[in-house]
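Following: one structure in structure tokens, then a few remarks.
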Amino acid sequence: QHFKVSVRINVDTENFPHAEQVLHILAAEGFAGKLTVDIGQIVRIDDGNSSPSASYTPRCFVKREFAEAEARFAAAAARHGFGNPKLPQAVGAPCTAVRANELVIGSEGELYKCWDSVGNRNEVIGNVRDWRDTNGRLHKWLTYDPFSDPDCRNCVALPVCMGGCAHHAMDPLLRDNRCDTFRHVHRERVLAFVKAAESKKMLTRLPD
Numbered sequence: 001q002h003f004k005v006s007v008r009i010n011v012d013t014e015n016f017p018h019a020e021q022v023l024h025i026l027a028a029e030g031f032a033g034k035l036t037v038d039i040g041q042i043v044r045i046d047d048g049n050s051s052p053s054a055s056y057t058p059r060c061f062v063k064r065e066f067a068e069a070e071a072r073f074a075a076a077a078a079r080h081g082f083g084n085p086k087l088p089q090a091v092g093a094p095c096t097a098v099r100a101n102e103l104v105i106g107s108e109g110e111l112y113k114c115w116d117s118v119g120n121r122n123e124v125i126g127n128v129r130d131w132r133d134t135n136g137r138l139h140k141w142l143t144y145d146p147f148s149d150p151d152c153r154n155c156v157a158l159p160v161c162m163g164g165c166a167h168h169a170m171d172p173l174l175r176d177n178r179c180d181t182f183r184h185v186h187r188e189r190v191l192a193f194v195k196a197a198e199s200k201k202m203l204t205r206l207p208d
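Here the working numbering is used: the first residue of the sequence shown is 1, the next is one more, and so on.
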């Protein structure tokens, strides 16, 4: 028995070509079948504060590019024994930011709704020392409604993302990154899942 361990590799257009090397290393160390490996999209966040993210902005994937990279990496991970193609599950709310009873706590006790907001004083909604006294910034998160967005209402991925990243959806500069990758590669993901399921089914039928 093993703990469920997942390794995340944050990627951009510069380091993604080398991401498969991590799979080689982990497989060589005997971790195949014992953990999963996924990639994460690096996104530039511009909240007016100085941030190292400004230096790597030109290297960031746009969501469609990342969706394609994610699909390629998932196929490579499966070949190395780190999981099989999978499909996303339906969700009721996309993240902690839009759920009523979930909060992010900063180092000084300040409260946020989104982890991308940590450190940005303009996004503080209250403090743990006086948590009942929240300000008006909480309202925008709790009233986030993907059904008010025509793009979301007409999107095949709505049941599995429920509007995606609310923080990105509210920011005109990040809006194109709000969606789940499933929106852009849903056909490829479904076909890969079916192919893997059929292969597994055939293997179970092979005689000893």
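Glycine included, every Cβ here is placed at the ideal spot set by N, Cα and C.
Given the structure is predicted, the values throughout are model-derived calculations rather than measurements.
### Message
Within 10 Å of its beta-carbon, does A157 have 16 or more other beta-carbons around it, so buried, or fewer, so exposed?
### Response
So A157 ends up on the buried side.
### Query
Among the residues of its own chain, which have a CB less than 8 Å from the CB of R65, if the five just before and after it don't count?
As written in the sequence, residue 65 is Glu, which differs from the Arg given in the question. Short of 8 Å from the beta carbon of E65, and not among the five residues preceding or following it, lie these beta carbons of its own chain, in chain order: T13.
### Task
Figure out for me which residue from P150, L87 and I125 has the closest Cα to the Cα of Y112.
Looking at the Cα atoms, I125 is the closest of the given residues.
### Task
Can you grab the Cα-Cα spacing for the pair V11 / K86, in whole Å?
Taking the straight line from one Cα to the other gives about 20 Å.
### Task
Starting from I9, follow the beta strand (DSSP E) in both directions and report where the run begins and ends.
Run containing I9: V5 to V11, per the beta strand (DSSP E) assignment.
### Task
For N84, I'd like the list of residues in its chain whose CB is within less than 6 Å of its CB, leaving aside the five on either flank, ordered along the chain.
Listed in chain order, the non-local C-beta contacts of N84 below 6 Å within the same chain comprise A78 and A196, local neighbours out to five positions each way being set aside.
### Query
Any idea which residues DSSP pairs N211 with across the strands?
Nothing can be reported for residue 211: it is not among the residues displayed for the chain, which extend from 1 to 208.
### Message
Please classify S117 as buried or exposed, where buried requires at least 16 neighbouring CB atoms within 10 angstroms.
### Response
Classification for S117: buried.
### For Q89 and V160, believed in contact at Cβ under 8 Å, the rounded distance
The pair is a contact, with the Cβ atoms about 7 Å apart (cut-off 8 Å).
### Message
Using CA atoms only, rank isn't needed, just tell me which of K34, A74 and E110 is closest to K4.
### Response
Among K34, A74 and E110, the Cα nearest to that of K4 belongs to K34.
### Task
Please confirm whether C95 and C165 have their CB atoms less than 8 Å apart.
For the 8 Å CB-CB criterion, C95 and C165 form a contact.
### Message
Please tell me whether M162 and V104 are closer than 8 Å, where the distance is taken between their beta carbons.
### Response
Between M162 and V104, the C-beta spacing is not below 8 Å.
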